[in-house]
Amino acid sequence: MYLSQVEKIKEKIKNKIRSNIPDSEIIIEIRSLPSKDNIEQYVKEIILNQQYVKDIHNIFIYNVDNLIDISIHVELSKYLKLEETEKLTKITEEKIKEKIENIRSVYIHIEDSRSSESWTDITEKSEKFISGIKDEVSLYVSPETCHNFTLLEKEGSYNLAFHCRLKKDLDVKKAHSIITKIEDEIKKKFKNISEIVIHVEPE
Numbered sequence: 026m027y028l029s030q031v032e033k034i035k036e037k038i039k040n041k042i043r044s045n046i047p048d049s050e051i052i053i054e055i056r057s058l059p060s061k062d063n064i065e066q067y068v069k070e071i072i073l074n075q076q077y078v079k080d081i082h083n084i085f086i087y088n089v090d091n092l093i094d095i096s097i098h099v100e101l102s103k104y105l106k107l108e109e110t111e112k113l114t115k116i117t118e119e120k121i122k123e124k125i126e127n128i129r130s131v132y133i134h135i136e137d138s139r140s141s142e143s144w145t146d147i148t149e150k151s152e153k154f155i156s157g158i159k160d161e162v163s164l165y166v167s168p169e170t171c172h173n174f175t176l177l178e179k180e181g182s183y184n185l186a187f188h189c190r191l192k193k194d195l196d197v198k199k200a201h202s203i204i205t206k207i208e209d210e211i212k213k214k215f216k217n218i219s220e221i222v223i224h225v226e227p228e
């Protein structure tokens, strides 16, 4: 529902109340039901504002009997002591449960920060590899629209990033579904790819 529609509904409610109770002061608070997308945004906001947190990834949201389980991988400073880590995770779990209703469990997987890892950009010498990627995604998107490839390598593990174009009238849910299928297909075919980032552009 658009904001303008929400405002119209609020005005109708206010007018209905005022017709029965003149000169009344009315405040209507609107809260959206938690969706997967805004739950993820809340989680990111909470965790990234915690001291010592360097980054987060692999946020998974599970609906279990009308309740929600959340699993997150959190990268922390490698110099942080285990005792401090435990305090941070407890505080983070509490903040998430305060912010988001119906949370059953929060699983926080701790990793040391990967920001200092040294990766090698092998994009220029990976034409055959990139061609293979384009072949794999052809079922879901026109390979000609895929561009800006970046391929990083470290100890036999690869990080892949690229842009591709989808029809501009697709909604976010459908676009996300297509991208997820592309990522799954690539990881199934190329076992050594540890991370994929696909930036979607409208055709």
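So for the sequence shown, the numbering used here puts the first residue at 26; every next one is plus one.
We put the beta carbon where it would ideally sit given N, CA and C, even for glycine.
Predicted model, so just to flag it, every value in this text is computed and none were measured.
Whole-angstrom distance between residue j and residue i, CA atom to CA atom
| i | j | result |
| --- | --- | --- |
| Tyr183 | Lys39 | 57 Å |
| Lys122 | Ile128 | 6 Å |
| Val222 | Lys159 | 15 Å |
| Val225 | Lys214 | 21 Å |
| Ile93 | Ile203 | 24 Å |
| Glu109 | Tyr77 | 10 Å |
| Glu136 | Ile84 | 14 Å |
| Ser219 | Lys212 | 8 Å |
Whether residue i touches residue j by CB criterion (9 Å)
| i | j | result |
| --- | --- | --- |
| Glu118 | Val99 | no |
| Cys189 | Thr170 | yes |
| Gln75 | Leu113 | yes |
| Leu185 | Val166 | no |
| Lys35 | Ile53 | yes |
Where the alpha helix (DSSP H) containing residue i begins and where it ends
| i | result |
| --- | --- |
| Glu208 | 197 to 214 |
Enclosing beta strand (DSSP E) for residue i [first to last residue]
| i | result |
| --- | --- |
| Leu191 | 182 to 191 |
| Ser219 | 218 to 227 |
DSSP beta-bridge partners of residue i
| i | result |
| --- | --- |
| Lys101 | In the sequence as presented, Lys is not what sits at residue 101; that position holds Leu. Answer by DSSP bridge pairing, in chain order: Val78, Asp137. |
Query - Segments of 4+ residues assigned as alpha helix (DSSP H) that fall wholly inside the segment 115 to 178 - result: 152 to 162
Query raised in the report: What are the complete beta strand (DSSP E) segments, minimum 3 residues, inside the segment 31 to 93?
Result: 78 to 89
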